[in-house]
Amino acid sequence: MYVLVINAGSSSLKYQLLDMSNENAIAKGLCERIGIDGRLVHETDKGKHTADKAMPDHGAAMAIVIDTLLDAEHGVLKSKDEIKAVGHRVVHGGETFTASVLITDEVEKGIEAVSDLAPLHNPPNLTGIRACKQHMPNVPQVAVFDTAFHQTMPEKAFLYAIDYELYKKHKIRRYGFHGTSHKYVSNLAPEMLKRDAKDMKIVTCHLGNGVSLCAVDGGVSVDTSMGMTPLEGLAMGTRCGDIDPAVVQYIMEKECISAQQAGDMLNKKSGVLGISGVSSDFRDLCTAANSGNERAAAAMEVFAYRVAGYIGRYAACMNGLDAIVFTAGIGENDCGIREKVCAYLTWFGVEIDPELNGKRGQALDISKPNAKVRVLVIPTNEELVIARDTKAILKF
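If you count the sequence shown from 1, you need to add 577 to reach my numbering.
Structure, rendered in structure tokens:
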């Protein structure tokens with residue numbers, strides 16, 4: 578039973594085909610530079626296949642994906658009828674969508690209605706949905722929302738201290754993102770520790786180019802660091818994270834720039850890239866810092882300091898802490914950042930084993946045997962969460 582998972586961006590379309598009889602990914606790939614020229618990267622156990630192909634729009638890209646999956650040399654399917662369902666990542670569900678849903682015409686309209694909350698993400702997500710409908714009109718599709726996992730947050734966590742009428746009128750509040758990732762690792766952590774999720778207080782740390790932390794109490798999200806948009810929270814690759822709101826007006830006045838230009842600056846030219854002036858990639862930062870670049874070293878220290886601060890905040894909010902989970906590109910692979918973060922938390926009872934911390938590519942408890950708070954590294958699998966939700970909704 579095959580489920581195709583789609584993540585459509587403005588000029589890209591990521592895909593993964595999963596065999597849900599064993600939950601293995603049998604093919605994955607990326608169509609990029611859609612609307613420009615077009616490039617396909619496709620991977621199976623046969624190896625990697627790349628090709629330059631014309632992709633004027635997402636419909637054309639979707640046709641190429643299907644043709645590639647059926648290709649005698651590079652494909653894994655005999656017929657596209659073997660695809661029983663499609664699961665779509667949709668970034669923002671607002672307050673309308675609190676769980677994954679079967680896509681209908683009404684659901685499409687609902688996703689479009691909340692697109693002003695994620696104008697860079699929801700429209701491309703809808704484009705991906707419509708491209709699949711074009712090429713597989715009889716295959717059911719499911720929308721899985723990044724924000725849905727966080728809809729269990731109480732008002733005290735999601736309300737901003739602004740005029741309440743602005744919340745009621747414009748739905749200005751904290752929503753949070755990376756929900757599928759936080760859901761996956763927070764479900765797996767209790768299994769690894771042989772404990773009941775209902776009895777655990779966990780902070781999950783999704784550390785990639787985008788960064789968010791989540792407080793998971795009894796298996797549900799009770800707080801998260803990203804806000805109405807992914808700009809709030811931690812310092813990230815290119816995003817500033819938490820900042821005094823008055824700074825935005827100050828920058829606009831001093832630099833004589835528009836609100837749009839200020840937004841671009843805070844989203845694309847800030848974070849560790851802005852501090853370091855070197856890169857948003859932590860591998861480059863580490864190399865630069867080791868070569869004596871003080872700004873690169875400062876960027877890494879700011880990053881680790883803020884992650885540790887949020888962990889402490891969430892431990893206080895949950896009135897306890899049983900485990901910390903590191904995931905995503907930096908969280909899974911950068912042992913130096915994990916070490917820096919955990920060094921701030923020894924008073925919680927965090928103690929990591931340096932040898933275990935040096936390992937990568939596997940789900941692992943890196944704590945010392947008697948550590949009070951367990952520290953886990955868990956590779957995330959957002960595509961599997963989407964495929965599981967799709968299977969559950971369609972009951973096959």
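Every residue, glycine too, gets a C-beta built ideally from N, C-alpha and C.
Taking the alpha-carbon positions, what's the residue i to residue j distance?
i, j, result
"Arg-750", "Asn-699", "18 Å"
"Leu-607", "Ser-588", "11 Å"
"Ala-725", "Ile-963", "12 Å"
"Ser-856", "Val-918", "20 Å"
"Ala-881", "Arg-915", "8 Å"
"Leu-594", "His-626", "16 Å"
"Lys-655", "Met-877", "49 Å"
"Cys-817", "Glu-871", "19 Å"
"Leu-770", "Lys-936", "18 Å"
"Cys-833", "Met-632", "38 Å"
"Thr-957", "Lys-760", "9 Å"
"Gly-854", "Cys-863", "13 Å"
"Ala-836", "Pro-822", "13 Å"
"Leu-581", "Tyr-592", "7 Å"
"Thr-675", "Ile-820", "28 Å"
"Thr-923", "Pro-931", "14 Å"
"Val-849", "Asp-861", "11 Å"
"Asp-942", "Leu-933", "8 Å"
"Val-780", "Ile-680", "32 Å"
"Val-797", "Ile-613", "42 Å"
"Ile-852", "Ala-874", "10 Å"
"Cys-709", "Leu-590", "11 Å"
"Ile-611", "Thr-645", "16 Å"
"Ser-868", "Ala-774", "44 Å"
"Glu-768", "Gln-939", "15 Å"
"Gln-728", "Tyr-921", "30 Å"
"Asp-740", "Val-879", "32 Å"
"Leu-743", "Ile-643", "45 Å"
"Glu-685", "Val-678", "11 Å"
"Ala-628", "Arg-772", "47 Å"
"Thr-967", "Val-716", "12 Å"
"Glu-620", "Gly-889", "41 Å"
Less than 9 Å between the beta carbons of residue i and residue j, yes or no?
i, j, result
"Val-719", "His-665", "yes"
"Gln-711", "Met-639", "yes"
"Leu-808", "Asn-786", "no"
"Tyr-887", "Ser-802", "yes"
"Met-730", "Asp-899", "no"
"Ser-789", "Gly-814", "no"
"Tyr-752", "Leu-694", "yes"
"Cys-782", "Val-884", "yes"
"Lys-903", "Val-825", "Just to set this straight, residue 903 is Phe in the shown sequence, not Lys. Cβ distance not < 9 Å, so Phe-903 and Val-825 don't count as in contact."
"Ala-649", "Gly-615", "no"
"Val-799", "Cys-894", "yes"
"Phe-973", "Met-578", "yes"
"Lys-748", "Glu-672", "yes"
"Gly-670", "Ile-641", "no"
"Glu-600", "Arg-965", "yes"
"Lys-657", "Met-713", "yes"
Please tell me whether residue i has its Cβ less than 9 Å away from any Cβ of chain D.
i, result
"Lys-972", "Absent from the structure: chain D. Only one protein chain is present."
Residue i: which of the options sits nearest, CA to CA?
i, options, result
"Val-667", "Ala-585, Lys-661, Pro-714 and Ile-613", "Ala-585"
"Gly-624", "Asn-601, Lys-630, Pro-714 and Gly-652", "Gly-652"
"Lys-605", "Leu-617, Ile-970 and Ile-613", "Leu-617"
"Asp-682", "Trp-924, Ala-649 and Ala-690", "Ala-690"
"Phe-925", "Tyr-891, Val-954, Lys-936 and Glu-932", "Tyr-891"
"Asp-622", "Ala-628, Ala-637, Ile-603 and Asp-648", "Ile-603"
"Glu-959", "Phe-722, Val-825 and Lys-733", "Phe-722"
"Gly-897", "Gly-795, Asp-644 and Leu-590", "Gly-795"
"Met-805", "Val-716, Asn-867, His-755 and Ala-920", "His-755"
"Leu-697", "Pro-946, Asp-841 and Tyr-744", "Asp-841"
"Asn-947", "Cys-791, Thr-967 and Ile-929", "Ile-929"
"Glu-909", "Val-952, Val-716, Ala-628 and Ile-739", "Val-952"
Can you name the residues that DSSP bridges to residue i?
i, result
"His-619", "Gly-606 and His-626"
"Asn-896", "Answer by DSSP bridge pairing: none, since Asn-896 is not bridged."
"Ala-662", "Val-580"
"Lys-591", "Asn-584 and Leu-607"
"Val-825", "The partner list for Val-825 (beta bridge, DSSP) is empty, contrary to what the question assumes."
"Ala-969", "DSSP lists no partner for Ala-969."
"Arg-860", "Bridge partners of Arg-860: none, in fact."
"Phe-903", "Cys-782 and Val-954"
"Gln-837", "None; Gln-837 has no bridge partner."
"Cys-817", "According to DSSP, which records beta bridges pairwise, Cys-817 is partnered with nothing at all."
"Val-788", "Leu-784"
Return the Cβ separation of residue i and residue j in integer angstroms, given the expectation that the two are a contact with Cβ distance under 8 Å.
i, j, result
"Ala-662", "Leu-971", "5 Å"
"Ile-828", "Ala-839", "6 Å"
"Ile-907", "Leu-784", "4 Å"
"Ser-758", "Ala-905", "7 Å"
"Gly-705", "Ile-583", "5 Å"
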